[in-house]
Amino acid sequence: MKKVLTYGTFDLLHKGHVLLLQRARALGDHLTVAISTDEFNAIKGKKAYTSWEDRKMILEALACVDEVIPENEWEQKVKDVKKYDIDLFVMGDDWEGKFDFLKEYCQVVYLPRTEGVSTTKIKEDLKEIKAEVDKLSQKIEEDINEEI
Ligand code: C2G
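Each residue of the sequence shown is one higher than the last, beginning at 59 in my numbering.
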């Protein structure tokens, strides 16, 4: 059985995440996903909207994900490759070259990122929408007050 491993935050799960996971799984027979804990995200300078428990539950619901483990630190990858008997490590190519040290222990593949979608963009777009709604509701309130 060819075992595949990947890491990520997977917050506000979107097409880019799912396409990465599906392609990773298709390269083997079993996919383990190490999801960044909320504490590790703070170290990464990220704050996930969804808790680790919920991100875990969502990924476990995907047919292409066989196992979810916590990612607590940058340094756990070699230990994980050995512990879970991993044959292939996969990441999106925004990480190209960053994990080549794992080639000593398993195959390493960087897959093309899906363009045009990111959790950051989703959050920014939602922030803009909220600002528009707040502005509109303030205008409505002002108009009502003028009427009174
Ligand atoms: N991804 C993608 N296309 C996108 C967005 C993300 O292919 N449009 C991929 C990323 O390249 C990564 C995975 O989806 O392989 C998860 O992305 P993130 O949740 O942003 O994870 P990241 O913050 O890159 O964490 O130790 C490694 C880190 O935990 C990786």
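All C-beta atoms, glycine included, are put in the ideal place defined by N, C-alpha and C. Values in this document were obtained by computation on a predicted structure and should not be read as measured data.
- request: Give a yes or no on contact between the region 144-153 and the region 165-173, applying the rule of three or more CB pairs nearer than 8 Å.
  value: yes
message: DSSP three-state label for lysine 105, please.
response: Mapped onto the sequence shown, residue 105 falls at position 47. Lysine 105 falls in the coil class under three-state DSSP.
task: Out of Val62, Lys181, Leu85 and Lys185, state which residue places its alpha-carbon closest to the alpha-carbon of threonine 108.
output: On the sequence shown, position 50 is the one that residue 108 refers to. Of Val62, Lys181, Leu85 and Lys185, the residue nearest in Cα terms is Lys181.
task: Return yes when the Cβ of phenylalanine 98 is within less than 8 Å of the Cβ of glutamate 129, no when it is not.
output: Translated into the one-based positions of the sequence shown, residue 129 becomes position 71. Translated into the one-based positions of the sequence shown, residue 98 becomes position 40. In this structure, phenylalanine 98 lies closer than 8 Å to glutamate 129 by Cβ.
task: Please determine if the region 118-126 and the region 77-92 are in contact, where contact requires at least 3 C-beta pairs separated by less than 8 Å.
output: yes
Span of the alpha helix (DSSP H), counted from its first residue to its last, around methionine 59: Here residue 59 corresponds to residue number 1 of the sequence shown, with the count starting at 1. Here methionine 59 belongs to no alpha helix (DSSP H), and DSSP marks it neither H nor E.
message: At a cut-off of 7 Å, would you count phenylalanine 159 as near the ligand C2G, judging by its Cβ distance to the nearest heavy atom?
response: Translated into the one-based positions of the sequence shown, residue 159 becomes position 101. Outside the cutoff, so no.
query: Heavy atom of the ligand C2G less than 7 Å from the Cβ of leucine 78, yes or no?
result: For the purposes of this step, residue 78 is taken as residue 20 along the sequence shown, with counting starting at 1. Yes.
task: With DSSP as the reference, label phenylalanine 147 as helix, strand or coil.
output: Stepping through the sequence shown from its first residue, residue 147 is reached at position 89. Three-state DSSP puts phenylalanine 147 in a strand.
message: Does glutamate 195 pass the burial test, meaning 16 or more other C-beta atoms within 10 Å, or should it be called exposed?
response: The count along the sequence shown starts at 1 and reaches residue 195 at position 137. According to the sequence as given, residue 195 is serine; it is not glutamate. By the neighbour-count rule (16 or more Cβ atoms within 10 Å), serine 195 is not buried but exposed.
message: Looking at the ligand C2G, does it come within less than 7 Å of tryptophan 132, judged from the CB to the closest heavy atom?
response: As a working mapping, residue 132 is identified with position 74 in the sequence shown. True, at least one ligand heavy atom lies under 7 Å from that Cβ.
query: Taking C-alpha atoms, which residue in Ile101, Glu204, Thr177 and Met115 lies nearest to lysine 73?
result: Start at 1 with the first residue of the sequence shown, and residue 73 comes out as number 15. The shortest C-alpha separation from lysine 73 is found at Thr177.
- request: Can you grab the Cα-Cα spacing for the pair arginine 171 / leucine 184, in whole Å?
  value: Against the sequence shown, residue 171 aligns to sequence position 113. Against the sequence shown, residue 184 aligns to sequence position 126. Straight-line Cα distance between these residues: approximately 22 Å.
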